[in-house]
């Protein structure tokens, strides 16, 4: 059954950091709690760990309320953004800490430590001082330390945010491998990270969960415009979906998964690319990125849109068409603000 | 429990003094007397001058410790700490030897001699964490090195300088042993006047009124210090200390030179004392077995030393227990969701004994503790109790900042791994604060050993401690007495240096060493 959170509210004074949240993490699945900073996701994680007392609602494991269970009896592993290794213990001492608390005999603890260090790619690091490790290594040790006592649930609070970009991408892949089969709740503000790690994503905003679903579903069909903005959409246009094709004033795009009816298309910077047929416009600005060029294009009707092009496409006028990979679809329950016109931030 | 101890052995005696002072109308008489205001002026004047000298001498040393990576800095750390824990009597004697007719000048120098370490270590503590790139940015914007220092570094250091200055001012204003030995009955501060009125003139209500005056001043100074401390906790960009220390260059060598000169002059009084003790061969040391020239003491020097050791051991045990408990309570309170103001008030209340003159405490004991069962006034436990009161705030100041600096998430990580709250203390807080605890024990012991103000009130002639015996020897004629006093001082210096060296040798890499004031 795993973790269930029902109607949870956490208050700091008069401020409700988390209000009336329902959430479930099924046994063996990884759920990412995704949201901008300050949305209450870390507070929710801390409440699950037992570090923040809830003002209302319940945190349950396998249906049993954990209200009276203190942090150290919950058997939930915890990994912080910056490791928080014990500076007075070496690497083995850190990883073995939870085993010692559970009274695991020394010999089998040593075996388990070696096994976990191997798992996180730090075999042989036992005697290193924890203060001498690099940021990435510290985070790997923190992960091994949390996993060693075989926690029922692993809680990760922005586990990769303190690392630099290259390291983050490498460790994200490693983490995804390690987390396979584990029950885990990951808090992150980075949607790439969430989609890499999780089977299920819960999007949080201003203390509430606004959408839950599998990563692809959340990515393609954000619950509302605000969520779509958070997931990278910069502009919105009204559209009609018919037979898996969405049509708007910028042209038509094939979205086989889209339900028919009125909708709003959210456009990511990659939504428009140069094509043989489509809408015409003048390039007003271009910025080189790693493997593409970002364009700012003024359309014939005077509106400006973002687009991407190959590094070699450097003409002053372009013809743009929609790319299905850069488009998100918002069902027409909430009306967008810039109705009838492409609106941008 | 720490608060209970504070209540019985600190608040009660002090309140009794207040009542005595207020009750007999002594306050008005004393306040109206021009003599009182001359005392206040001299007390404040010498304290301000001493603070200024300590700041001027301490800042270059702070730079040396915080910003440079030179060989031998460990030695400098030891040297500047020794004066801070030297018994006041020893320092008084040293300066009397150096400047026989020094008067107020000698008092100012001696007081600042004690406190260079407070300034240097408090300021260096912050300085070594300041981001070096802020002054670098100022330089790149066209500021000269001096200008970058005055417009960027100095304002950033201001909170540390302010809190160090407040504490040093407090120490200097209530300094007792030094003023008594160097000023005698000619140059008096409130502190020595309280002592003289009580012991020699038996003017209890006058003494109480003066104590009252002093208490008010101390509370004011402590509040200033608390405000400065709070400001220091405000957002400063701090860096790991390793990345800010480098070899000095250009004009910085001048500062290093000044700092080394300060350190050298800190050693001078110590060297003078030791050499004087050996001037007449080993006569002074041999005389320690006796009661001095013509029976100046009621106990032999060796017995006085044993008294000192016994009292200091008890006092240290008591003070470390109480101080550790108080720190744990304070830090637990601030970790839980208790109102911040309450915690700060408790914190400041526990600091009070540090500032309230030891003489006031000793005097308060004399007038209250006969009311307790077993008549504590004649009991040998009185001296350790009073010493513990003086040492406890020091223990708290050493432990509390370190406990506070432990990241709460480190403790949460331990809890999530299955450690119960008690186990978290054992596995996280105790190992991380262990070095500071050792420091507190060693410093507490040395301070108790050298405590003079309260002890001189409470020790009876047959239970005299070494500092009390030294003061007595100095007040009696006879070359042998002087020799013996020098020898006893040397003994105390040796014990002090040993304690400081032990503390400095157990240095845990990468962690803030000793707490601040």
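Residue numbers (this note's numbering), protein chains in the order written: chain A, -17 to 327; chain B, 62 to 578. Ideal placement from N, C-alpha and C gives every residue a C-beta, glycine not left out.
Here DSSP, grouped into helix, strand and coil, assigns residue 394 of chain B to helix.
With its beta carbon at least 8 Å from every one in chain A, residue 496 of chain B lies outside the interface. Think of a sphere of 9 Å around the beta carbon of residue 490 of chain B: no beta carbon from chain A falls inside it, the nearest being about 11 Å out. The beta carbons of residue 84 of chain A and residue 479 of chain B sit closer together than 8 Å. Rounded to whole angstroms, the separation of the alpha carbons of residue 260 of chain A and residue 306 of chain A is 14 Å.
Closer than 8 Å to the CB of residue 384 of chain B there is not a single CB belonging to chain A. Non-local C-beta neighbours of residue 327 of chain B in its own chain, meaning closer than 7 Å and more than five positions away in sequence, comprise 140, 141, 144, 174, 177, ordered along the chain. At a cut-off of 8 Å, the C-beta of residue 121 of chain A has no neighbouring C-beta in chain B. For residue 248 of chain A against residue 223 of chain A, the beta-carbon gap comes to about 14 Å, at or over 8 Å, which does not count as contact.
With a threshold of 16 other beta carbon atoms within 10 Å, residue 275 of chain B meets it and is buried.
Interface flag for residue 345 of chain B against chain A is unset, since no Cβ pair is found closer than 8 Å. Annotation: residue 523 of chain B to residue 146 of chain B spans about 25 Å, alpha carbon to alpha carbon. Runs of the beta strand (DSSP E) lying entirely within the stretch 5 to 92 of chain A and spanning at least 3 residues, in chain order: 12 to 16, 38 to 43, 58 to 61. Chain-order list of chain A residues neighbouring residue 480 of chain B: 54, 83, by C-beta distance under 7 Å.
Looking at B:421, B:482, B:403, B:379, the one whose alpha-carbon comes closest to that of residue 445 of chain B is B:379. Chain-order list of chain A residues neighbouring residue 484 of chain B: 54, 83, by C-beta distance under 8 Å. In the three-state scheme derived from DSSP, where H, G and I count as helix and E and B as strand, residue 128 of chain B is classed as helix. Using a Cβ distance threshold of 8 Å, residue 472 of chain B and residue 463 of chain B do not count as a contacting pair. DSSP, read as helix, strand or coil, puts residue 215 of chain A in coil.
In the DSSP secondary-structure assignment, residue 230 of chain A is bridged to A:233. Scanning chain B for C-beta atoms nearer than 9 Å to the C-beta of residue 31 of chain A yields 473, 476, 477, reported in chain order. Distance from the Cα of residue 452 of chain B is smallest, within the candidate group B:385, B:243, B:425, B:288, for B:385. For the pair residue 61 of chain A and residue 107 of chain A, the CB atoms are not nearer than the 8 Å cut-off. For residue 468 of chain B, the chain A residues whose C-beta falls within less than 8 Å of its own C-beta are 66, listed in chain order.
Under DSSP, residue 267 of chain A shares a beta bridge with A:278. When CB distances to chain A are screened at a threshold of 7 Å, the residues of the stretch 441 to 469 of chain B falling below it are 468, in chain order. Here residue 258 of chain B is buried: its Cβ has 16 or more other Cβ atoms, across all protein chains shown, within 10 Å. Distances from the CA of residue 157 of chain B to each of B:514, B:307, B:333 were compared; the closest alpha carbon is that of B:333. In the displayed model, residue 202 of chain A falls within a helix according to three-state DSSP. Neighbours of residue 60 of chain A in chain B, taken as residues at a C-beta separation under 7 Å, are given in chain order as 473, 474, 477.
By DSSP's assignment, residue 182 of chain A forms a beta bridge with A:13. Chain A places a beta carbon closer than 8 Å to that of residue 493 of chain B, counting this residue as a contact. Taking C-beta separations shorter than 8 Å and ignoring five residues to either side along the sequence, the partners of residue 175 of chain A in its chain run 14, 142, 150, 154, 168, following chain order.
Boundaries of the alpha helix (DSSP H) around residue 223 of chain B: 215 to 234. For residue 131 of chain A, the chain B residues whose Cβ falls inside 9 Å of its Cβ are 478, 479, in order along the chain. Within the same chain, 112, 113 come within 7 Å of residue 69 of chain A by CB-CB distance, once the 5 residues on both sides are set aside.
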